[in-house]
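A.B. asks: In the working numbering, the protein residues as written are 4 to 157. Where is the CB? At the ideal position from N, CA and C, for every residue including glycine. None of the values given here were measured: they were computed from a predicted structure.
(1) Along the chain, where does the beta strand (DSSP E) that runs through residue 29 open and close?
(2) State the Cα-Cα distance for the pair residue 8 and residue 59, rounded to the nearest angstrom.
(3) Could you please give me the residues that DSSP links to residue 51 through a beta bridge?
(4) What is the DSSP secondary structure of residue 152, counted as helix, strand or coil?
(5) If you draw a straight line from the alpha carbon of residue 100 to that of residue 74, how long is it in whole angstroms?
(6) Taking the straight line between their C-alpha atoms, what separation do you get for residue 129 and residue 89?
(7) Examine the Cβ distances between the stretch 21 to 29 and the stretch 49 to 59 and report whether three or more of them are shorter than 8 Å.
(8) Can you list, in chain order, the residues of its chain whose CB lies under 8 Å from that of residue 65, leaving out five sequence neighbours each side?
(9) Between residue 91 and residue 135, what straight-line distance do the alpha-carbon atoms span, to the nearest angstrom?
(10) Might you give, ordered along the chain, the residues of its own chain that have their beta carbon closer than 6 Å to the beta carbon of residue 47, omitting 5 neighbours on each side?
(11) Can you tell me which of 127, 155, 131 puts its alpha carbon nearest to the alpha carbon of residue 140?
(12) Measure the beta-carbon distance from residue 67 to residue 124 and round it to whole angstroms, keeping in mind my assumption that it falls under 8 Å.
(13) Going by beta carbon distance, what residues of the same chain come within less than 7 Å of residue 6, once the five residues before and after it are set aside?
(14) Take residue 17 and list the residues in its own chain whose beta-carbon comes closer than 8 Å to its own, dropping the five residues that flank it on each side.
(15) Pull up the distance between the alpha-carbon of residue 122 and that of residue 83, whole angstroms please.
(16) Tell me whether residue 109 is buried or exposed, calling it buried when 16 or more other Cβ atoms sit within 10 Å of its Cβ.
Have a look at this one:
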C-alpha cells in the first residue's frame, strides 16, 4: 500500500515513475569505476546508490513501513554517450530532485487517510524477541521501550 501511494504522490508532483527494478548499495560517497559499473549491469542492477538498504533494514527492525523514492542524478560511467559525471552536475540535479521529493511527500501525507493502515511490518518483532522477559534489565527495557514496549510485558 505504501509503495502504491508513493507512486501516486510522485506522479502527482509531476515526475515520471519507474516501478520495480534492482538496486545495489555501494559504499560512498564516491562514483563507481568503469569496471564496477559494467559488473553491476551484468548483475542486472538498474540503480546504484549509496543508501536505501540500511534504511530499509532499520525500518523493518523498528516495525516501520518503508518505501524508497529513488531520484536519479546521473548515468553511471558505463554510458559512453553521456558526459562524465561531475559533483556540480550531481548537486544541481539533486537540488531539483529534492524539491520534487518534498512535493511528493506533501501529497503522500495529504492522502494518508486513503492508504495508511496496519501493515504486516508493524508486527515483525512479535516473534523475534526470544529472551525471557523476566531477565531483561529495567534500564534496557526503558531504553528499548519506544520500539518494543508492547512486547515486553511480563
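C.D. replies: On the basis of the supplied data:
(1) Note, residue 29: premise wrong, no beta strand (DSSP E); not H, not E.
(2) Each residue's Cα considered, the two are about 17 Å apart.
(3) In the DSSP assignment, the residues bridged to residue 51 are 27.
(4) If DSSP states are grouped into helix, strand and coil, residue 152 belongs with the helices.
(5) Separation of residue 100 and residue 74 (C-alpha to C-alpha, rounded to the nearest whole angstrom) is 6 Å.
(6) Rounded to the nearest angstrom, the two C-alpha atoms are 46 Å apart.
(7) Judged by Cβ distances under 8 Å, the stretch 21 to 29 makes contact with the stretch 49 to 59, as three or more pairs qualify.
(8) The residues are 150.
(9) One C-alpha to the other measures close to 54 Å.
(10) Counting only Cβ-Cβ distances below 6 Å, and skipping sequence neighbours, we find 25.
(11) Residue 155 is the option with its Cα nearest to residue 140.
(12) Confirmed, Cβ separation roughly 7 Å.
(13) The answer, listed in chain order, is 70.
(14) 103, 106.
(15) Rounded to whole angstroms, residue 122 to residue 83 spans 43 Å at the Cα level.
(16) Flag for residue 109 reads exposed.
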